[in-house]
Amino acid sequence: MISFLIFLGVFLFMECVTWLTHKYIMHGLMWYFHADHHQPKYANVFERNDFFFLIFAIPSILLFYFGVEGGMNYLFFIGLGTTFYGFCYFMIHDVLIHQRFKWFKNTNNKYLIGLRKAHKVHHKHLGKEQGECFGMLFVPFKYYKI
């Protein structure tokens, strides 16, 4: 039971980490890597923004390694929470919202439509300033209205 609570707590905490990282790192210090993501058309299959995948994947891999090496200890479940959040982020952000993969083109789900609306509001700003809606899985309720 404690393993599941660690997993769930880390998964939920990752939304806070994502919001802070997106607002203060991606739209701040590391804007160079995120700027191409805010352009209307992507020039390539990959973006410089995809670099952030590595930033989050490396700690998860290390947590898995040391969690298994230590006999399936709490580090494994922290790694599991971050990895599952990363998977959900990928499915929502890259697949559903940006359609980088054409798996789910249409949805009538109010929650998913709300996420798409909030992200469109975020992307209406092409520069790094004046951004809004920095979260991914939890956005203001006003975007869930149809």
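Sequential numbering from 129 applies to the sequence shown in the working numbering.
Ideal placement from N, C-alpha and C gives every residue a C-beta, glycine not left out.
The structure displayed is predicted, hence computed values, not measured ones.
Range covered by the alpha helix (DSSP H) that runs through residue i
| i | result |
| --- | --- |
| T235 | Here T235 belongs to no alpha helix (DSSP H), and DSSP marks it neither H nor E. |
| L133 | 130-148 |
| G259 | Unbroken run through G259: none, as it is neither H nor E. |
| F205 | 202-217 |
| Y160 | 159-162 |
Pairwise C-alpha distance: residue j and residue i
| i | j | result |
| --- | --- | --- |
| G214 | K169 | 24 Å |
| Y202 | H247 | 33 Å |
| L208 | D178 | 21 Å |
| K230 | N236 | 16 Å |
| I183 | S131 | 24 Å |
| G156 | F141 | 21 Å |
| S188 | V138 | 11 Å |
| A127 | V173 | Past the boundaries of the shown model lies residue 127; the chain is included only from 129 to 274, so the question cannot be answered. |
| E175 | T211 | 21 Å |
| G181 | C216 | In the sequence under discussion, the amino acid at residue 181 is Phe, which differs from the Gly named in the question. Distance between the alpha carbons of F181 and C216: 13 Å. |
| I225 | H253 | 16 Å |
| F232 | D222 | 11 Å |
| Y152 | K245 | 22 Å |
| L191 | G199 | 12 Å |
| E197 | E143 | 27 Å |
Within 8 Å, strictly: CB atoms of residue i and residue j
| i | j | result |
| --- | --- | --- |
| I220 | M154 | no |
| H251 | H166 | yes |
| V267 | L240 | no |
| F262 | W147 | yes |
| F194 | I134 | no |
| V249 | E257 | no |
Local conformation of residue i per DSSP, three classes
| i | result |
| --- | --- |
| P187 | helix |
| H251 | helix |
| V196 | helix |
| N172 | coil |
| F180 | helix |
| F269 | helix |
| H165 | helix |
| R228 | coil |
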